[in-house]
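Following: one structure in structure tokens, then a few remarks.
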Amino acid sequence: MIPGMGGRGMNPAKVKQMMKQMGINIDQIEGVEQVIIRTADKDIVFNDADVSIMNAQGVDTYQVVGTPEEVPREVVIPEDDVRLVAEQTGVSEEAALESLKNANGDLAEAILALSS
Numbered sequence: 004m005i006p007g008m009g010g011r012g013m014n015p016a017k018v019k020q021m022m023k024q025m026g027i028n029i030d031q032i033e034g035v036e037q038v039i040i041r042t043a044d045k046d047i048v049f050n051d052a053d054v055s056i057m058n059a060q061g062v063d064t065y066q067v068v069g070t071p072e073e074v075p076r077e078v079v080i081p082e083d084d085v086r087l088v089a090e091q092t093g094v095s096e097e098a099a100l101e102s103l104k105n106a107n108g109d110l111a112e113a114i115l116a117l118s119s
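Quick note, the sequence shown lines up with residues 4 to 119 if you use my numbering.
Shown next, in the form of structure tokens:
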């Protein structure tokens with residue numbers, strides 16, 4: 004039997020004491036407005052995030068609790084890329100931009116798609 008369990012869960016004061024003995028410290032970050040996790044194809048946005056930092060043996064671990072919202076990332080296409088694809092393929096800049104978007108900004112893929 005684990006001390007402090009008693010069948011009803013652990014006593015919060017006991018938990019804190021045990022964590023302190025193990026060298027684990029948890030701090031809450033106050034005033035968090037938003038947390039964004041960026042991946043190649045989407046952003047995961049927490050607008051109502053509670054963030055805490057747990058330090059155990061010199062390593063910080065961040066915990067984010069809240070409601071995630073997935074937002075697809077839009078590829079930003081530089082004007083120079085649009086002009087280059089348009090010049091190389093003889094199409095309008097609008098068609099070049101559309102092809103670049105379909106190719107996720109990959110110049111070679113966009114040119115090949117328009118050349119075939």
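For glycine and all other residues, C-beta sits at the position ideal for the given N, C-alpha and C.
Checking 8 angstroms against the spacing of the C-beta atoms, do residue i and residue j come in under that value?
{"i": "F49", "j": "G34", "result": "no"}
{"i": "G26", "j": "A59", "result": "yes"}
{"i": "I32", "j": "S55", "result": "yes"}
{"i": "E82", "j": "I47", "result": "no"}
{"i": "N105", "j": "A116", "result": "yes"}
{"i": "V88", "j": "L110", "result": "yes"}
What first and last residue would you give for the alpha helix (DSSP H) that runs through residue i?
{"i": "S118", "result": "110-118"}
{"i": "Q91", "result": "82-92"}
{"i": "S102", "result": "96-105"}
Within 10 angstroms of its Cβ, does residue i collect 16 or more other Cβ (buried), or is it exposed?
{"i": "V78", "result": "exposed"}
{"i": "I29", "result": "exposed"}
{"i": "S119", "result": "exposed"}
{"i": "A16", "result": "exposed"}
{"i": "A1", "result": "There is no way to answer for residue 1, as the model of the chain reaches only from 4 to 119."}
Go ahead and pull the three-state DSSP assignment for residue i.
{"i": "N14", "result": "coil"}
{"i": "M21", "result": "helix"}
{"i": "D30", "result": "strand"}
Is residue i close to chain D, meaning its C-beta is less than 8 angstroms from at least one C-beta of that chain?
{"i": "I32", "result": "No chain D appears in this structure, which consists of one protein chain only."}
Which residue comes first and which comes last in the beta strand (DSSP E) that contains residue i?
{"i": "Q66", "result": "62-68"}
{"i": "E73", "result": "71-75"}
Original post:
Do the segment 46-66 and the segment 96-110 make contact, defined as three or more Cβ pairs closer than 8 angstroms?
Top reply: No, the segment 46-66 is not in contact with the segment 96-110.
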